[in-house]
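See structure below.
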Amino acid sequence: MYLGLDLGTSGLKGIVIDDAQRMVAEASAPLAVARPRSGWSEQTPADWIAAAEAVLDRLAATAGLGAVRGIGLSGQMHGATLLDATDEVLRPCILWNDTRAAEEAAELDGDPIFRRVTGNIVFPGFTAPKLVWVARHEPETFARVARVLLPKDYLRLWLTGEHAAEMSDAAGTAWFDTGARDWSEALLAASGMGRSQMPRLVEGSEVSGHLRPELARRWGFAPGTVVAGGGGDNAASGIGVGVVRAGQAFVSLGTSGVLFAATDGFAPAPETAIHAFCHALPGRWHQMGVILAATDALNWFARLAGEGPAALTGALGPLAAPGETLFLPYLGGERTPLNDAAIRGAFVGLGHATDRAAATRAVLEGVAFALRDCRDALAATGTRPERLIAVGGGARSAYWCALIASTLGLPVALPEEGDFGAAFGAARLGMMAATGAGAEIATPPAIARAFEPDPVLAPAFDAAHARWRAARDAIRGLPR
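Heads up: the sequence shown begins at 191 in the working numbering, then just goes up one per residue.
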């Protein structure tokens, strides 16, 4: 068997698959995000370990873990986990959706070497500007930083005792030479860091270490169980849904929203705000457009409405043309295509006829329109997928899948019942590390349902998207 652990923003999920890649068991544990100030987003790494312990307890009880031969890791990207020389955590981890380092990010991005080497804009959520922020605002903490780990790599340290990272996650730090698949000494120096503070690098399908004996004994693993490099959450999802070759793509409706396309080579286009990162397999890369709030926006509205997200979306009936009410999903800034940490969300066009259903549709449409902007940014680089596989919690909404198909003008395929996201991809990477297998085992899932663009509604969605973009441009720069 093979175990995948996915350290998400809202929870940690573990799944066990057998050697035929069939699901054997799954478990999850929730995580909370602290927001001590506007634009800040933090988690305590000890909570990740506690969540992993809870998940392993449940998996050991339900499936037994003695037959596990490989463990793969995936997780939220960009987080700055700061350790001292004894591997003690120095402060809460600054997460991917934290925008406090917007000024520092703009300064680094103003140095042409960053885009030239990384192939990406230096976004506020990336790791490098956070360390510049810490140096300025928490200099005593910065002086003690001996190592910086990404969230899933802190989990790896606990599992194996190894300081290691892999290419897909490292590509989101702004310290990485994405084409060469290595740390950049020049970029590290430009942000006051050094290579000695970085973990060693492995490919996602390679062995990064072995499970510590005391953990193996605690949960009944075989001695020497290997731990794969793994992948950042989106790259791992790509492995999970078989998006590993040029022309393949998926849309993820998780806390954030992602339009992800595999590429056979490094294809940077920072002027579009598209991310160009390494994939979790050797010699492969990917592009993606990222919006910061997808189910995060729906969950926010659900709390406001006092109703669960599934109940809100389940009550909508068949896909309908957009109404007058628009929603801009910028609850904490935006990445693709805006690169704007200051923009905030809004309802526009509220009227007496805006009831709960109309507002729910507007929220779903706002996220879909933001993903359409990502589609257009990808198209500007020459990347035009022919269909999308839908993953993430939001993909459980048939209305949302149908809406995205008609808004983006692309068929959306929904996999059969089962988890084909990041945890499944991590388990596949664990299988590769343990057996020597490669991309050939990352096959697409069986499809339960396909959503085709509705040609009758397409003109209405085109017109609504144009109004939505006008509203977006009108609120940019408003004082907060």
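The beta-carbon is built from N, C-alpha and C at its ideal position, and this holds for glycine as well.
Check each candidate in the options and name the one with the smallest Cα separation from residue i.
i, options, result
"TRP658", "GLY626, TYR589, ASP563", "ASP563"
"PRO220", "TRP230, THR199, MET383, VAL214", "THR199"
"ALA588", "ASP486, PRO645, GLY507, GLY384", "GLY507"
"GLU607", "ALA632, THR633, ILE637, PHE411", "ILE637"
"MET514", "GLU356, THR550, GLN266, ASP288", "Correcting the residue type first, residue 514 is Glu in the shown sequence and not Met. Closest option to GLU514, Cα to Cα, is THR550."
"TRP490", "PRO519, ALA333, ALA295", "PRO519"
"ALA661", "GLY583, GLY535, GLU293", "GLY535"
"GLN477", "ALA244, GLY369, LEU347", "GLY369"
"ALA552", "GLY582, LEU509, PRO575, GLY583", "LEU509"
"SER386", "PRO341, ILE481, VAL335", "VAL335"
"ALA222", "THR308, ARG212, ALA215, LEU285", "LEU285"
"ARG326", "GLU293, THR308, PRO302", "GLU293"
"LEU405", "GLY399, TRP348, VAL397, ALA361", "TRP348"
"GLU576", "GLY539, PHE641, GLY504", "PHE641"
"ASP530", "PRO645, ALA296, TRP590, VAL206", "ALA296"
"CYS591", "GLY626, LEU554, ALA567, ALA613", "LEU554"
Is DSSP giving residue i helix, strand or coil here?
i, result
"MET622", "helix"
"ARG565", "helix"
"ASP545", "coil"
"VAL553", "helix"
"GLU576", "coil"
"ASP530", "strand"
"SER587", "coil"
"PRO403", "helix"
"LEU593", "helix"
"ALA510", "coil"
"ASP209", "coil"
"ALA222", "coil"
"ALA412", "coil"
"GLY394", "coil"
"GLY204", "strand"
"GLY428", "helix"
Flag this pair as yes or no: are the beta carbons of residue i and residue j separated by less than 8 Å?
i, j, result
"ALA291", "VAL322", "yes"
"GLY541", "LEU516", "no"
"ALA484", "ALA425", "no"
"PRO643", "LEU600", "yes"
"GLY428", "GLY615", "yes"
"PRO605", "VAL434", "no"
"LYS320", "ALA380", "no"
"ALA275", "THR317", "no"
"LEU598", "ALA511", "no"
"LEU263", "GLY420", "yes"
"LEU202", "ALA253", "no"
"ALA623", "GLY260", "yes"
"LEU197", "GLY256", "no"
"ALA466", "ASN287", "no"
"THR526", "ALA463", "yes"
"VAL258", "MET191", "yes"
"MET267", "ASP372", "no"
"GLY523", "LEU482", "yes"
"GLU356", "GLY394", "yes"
"ALA457", "TRP475", "yes"
"TRP238", "PRO341", "yes"
"PRO499", "TYR344", "no"
"LEU249", "ALA217", "yes"
"ARG546", "ALA501", "no"
"GLY611", "GLY582", "yes"
Assuming residue i and residue j form a contact by the criterion Cβ under 8 Å, report the distance between their Cβ atoms to the nearest whole angstrom.
i, j, result
"LEU578", "ALA436", "Going by Cβ atoms, the distance from LEU578 to ALA436 rounds to 15 Å, so no, they are not a contact pair."
"VAL392", "THR350", "No, VAL392 and THR350 are not in contact; Cβ-Cβ is about 11 Å, not under 8 Å."
"LEU561", "VAL441", "6 Å"
"ALA603", "ALA580", "7 Å"
"THR289", "GLY315", "7 Å"
"PHE366", "SER374", "6 Å"
"LEU449", "GLY479", "4 Å"
"LEU377", "PHE313", "The Cβ separation is near 14 Å, so there is no contact."
"GLY628", "LEU193", "Contact flag wrong, Cβ pair sits at about 19 Å."
"ALA653", "THR573", "Not a contact, Cβ separation roughly 26 Å."
"PRO389", "ALA361", "That belief does not hold up - the Cβ atoms of PRO389 and ALA361 are roughly 14 Å apart, past 8 Å."
"PRO672", "ALA224", "Not covered by the structure: residue 672. The range shown for the chain is 191 to 670."
"ILE176", "ARG639", "The requested residue 176 is not part of the displayed model; the chain covers only 191 to 670."
Output the residue ranges of the alpha helix (DSSP H) runs that lie fully inside the stretch 337-390 and measure 4 residues or longer, sorted by chain position. 341-350, 357-360, 375-380
Complete runs of the alpha helix (DSSP H) confined to the stretch 262-334 [at least 4 residues]: 292-299, 302-308, 317-327, 329-333
Going residue by residue through the stretch 225-256, where are the continuous alpha helix (DSSP H) segments of at least 4 residues, counting only ones entirely within it? 235-252
Taking the runs of the alpha helix (DSSP H) that are 4 residues or longer, which of them lie wholly in the stretch 435-507? 485-495, 499-504
Can you give, in chain order, each stretch of the alpha helix (DSSP H) that sits fully within the stretch 596-665 and has at least 4 residues? 612-625, 648-665
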